[in-house]
């Protein structure tokens, strides 16, 4: 075996670790590597752990060197299987010298990211174990759910004082007091997700300034309620609804600095979306989420300063629409066609259109042969129109969007 210093081996092994997004700058769904990591979190995490296990079996030296890589990113899932993570951290802490616990809590000090996976309405977690893990990770930077946004039941909320090193947090995981504590001490926060939906509304909440936050992902109503101000905001992900957004303080304070806008939400008419787009003079990237169950009106035009349009239509949702009744299918397809037409209309200034969660164009079931052929022909026309005006239509990997197969 090649003889190299331990620090060189560590540098080599670090390429096998699960990538952690840089928190000093906002991530982008138009970044190929980042988008792949977000879309395939479970697969990436499992593959990373398998590689580390393989390295550990090579020899004792490699086993020692790769141990820190196991703890940099940990993922907690429903049930009690994750109890072993908390037990290992607790054992390491308990065997430390009482006088030097802050410096010898070795395993806990390695943890930088905690993902709480599938923390949904019907998941059952050992909350005491999660709170124990949080207490034993003094250098934790990220606590979040890999899903971009989710509302959790109040009896799932964590009552914990997070470490001062925290830079990305999912507020919906925390109870109300913990949320207030972290927001009032949010000088180092960079990314904030979610909020609680069962909080008692208070019309005169004190203004909360988060000076370094560049990414906010929450409901507009929660931003207004918590009176959040983020002067460095660049990536704004708005959930639920943007009804009346143009008259809110949140829009007034942040519209001029936002460069990336994601809208997994609804709006009542084209005037609302037009007001939003025209009111953001520095907007470069726009990501529209097409929810088949809640399609909002199309904008009349895209702003001339917009450079990239992303369309999110998860196959788990639109796959059902392709095989549903004729009215629902036509409604969804016409809606998609309108957005593509809007992009073609702006081809002179728009650089690309990307379907951020599609690998290929899926087709309806073979049982619906007539619709299948019609949809395929429709996509051939859309691609021909885009090629005529030299506007690339890409898949999630930044390659030409091709027509694939269906169910």
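Numbering (my numbering), first residue to last: 139 to 545. Virtual Cβ for every residue (Gly too), placed ideally from N, Cα, C. Values in this document were obtained by computation on a predicted structure and should not be read as measured data.
- Here residue 374 is bridged, per DSSP, to 354, 399.
- Annotation: the continuous beta strand (DSSP E) that includes residue 329 extends over 329-331.
- For residue 541, no beta strand (DSSP E) run applies, since DSSP gives it neither H nor E.
- Excluding five sequence positions before and after residue 483, the CB atoms of its chain that fall closer than 8 Å to its own CB belong to 439, 440, given in chain order.
- The beta carbon of residue 474 sits closer than 7 Å to the beta carbons of 428 from its chain, once the five residues preceding and following it are set aside; these are given in chain order.
- In this structure, 436 is the residue among 436, 442, 443, 460 with its C-alpha nearest to the C-alpha of residue 449.
- In this structure, residue 425 sits away from residue 444, with a CB-CB distance that is not shorter than 8 Å.
- Excluding sequence positions up to five before and after residue 526, its CB lies less than 6 Å from no other CB in the same chain.
- Beyond the five residues adjoining it in sequence on each side, residue 255 comes within less than 6 Å, by CB distance, of 213, 215 in the same chain, given in chain order.
- Only residues of its own chain outside the window of five on either side were considered, and among them 267, 270, 271 have a CB closer than 7 Å to the CB of residue 224, listed in chain order.
- Excluding the 5 residues flanking it on each side, residue 477 has same chain C-beta neighbours closer than 7 Å at 426, 436, 449, in chain order.
- Burial state of residue 232 is exposed, judged by a 10 Å Cβ sphere holding fewer than 16 other Cβ atoms.
- In its chain, beyond the 5 residues on either side, 533, 534, 535, 542 have a beta carbon closer than 8 Å to the beta carbon of residue 497.
- Residue 414 sits in a helix when the DSSP states are folded into three classes.
- Apart from the 5 residues on each side of it in sequence, residue 343 sits with its Cβ closer than 8 Å to the Cβ of 363, 364, 365 in its chain, given in chain order.
- Nearest to residue 503 by alpha-carbon distance, out of 458, 470, 540, is 458.
- For residue 450, there is no enclosing alpha helix (DSSP H); the residue is found in the beta strand (DSSP E) stretching over 446-450.
- If you look at residue 492, you'll find it in the beta strand (DSSP E) that goes 490-493.
- The C-beta of residue 518 has fewer than 16 other C-beta atoms within 10 Å across all chains shown, which makes the residue exposed.
- Under DSSP, residue 312 forms a beta bridge with 296.
- When DSSP states are grouped into helix, strand and coil, residue 306 belongs to the strand group.
- Distance from the CA atom of residue 412 to the CA atom of residue 317, rounded to whole angstroms, is 33 Å.
- Setting aside the 5 residues that flank it on each side, residue 492 is surrounded in the same chain by 448, 532, each with a C-beta closer than 6 Å to its C-beta; the list follows chain order.
- In this structure, residue 405 lies away from residue 375, with their beta-carbon atoms at least 8 Å apart.
- A distance below 7 Å between beta-carbons, with the five flanking residues on each side excluded, links residue 168 to the following residues of its chain, in chain order: 423, 446, 448, 492.
- Ranking 373, 345, 302 by CA distance to the CA of residue 331 puts 373 first.
- By the neighbour-count criterion, in which a residue is buried when 16 or more other Cβ atoms sit within 10 angstroms of its Cβ, residue 283 is buried.
- Note that the C-beta distance between residue 396 and residue 358 is not below 8 Å.
- For the set 410, 409, 415, the Cα lying nearest the Cα of residue 394 is the one of 415.
- Of 304, 486, 485, the smallest CA-CA separation from residue 323 is found for 304.
- Closest option to residue 352, judged by alpha-carbon separation, among 319, 310, 461, 399: 399.
- For the pair residue 409 and residue 480, the Cα-to-Cα distance works out to about 15 Å.
- Boundaries around residue 251 are those of the beta strand (DSSP E), 251-254, since no alpha helix (DSSP H) includes it.
- Non-local beta-carbon contacts of residue 245 in its own chain, meaning distances under 7 Å to residues more than five positions away in sequence, involve 209, 226, 227, 230 in chain order.
- If you draw a 10 Å sphere on the C-beta of residue 392, you find 16 or more other C-beta atoms in it, and that means buried.
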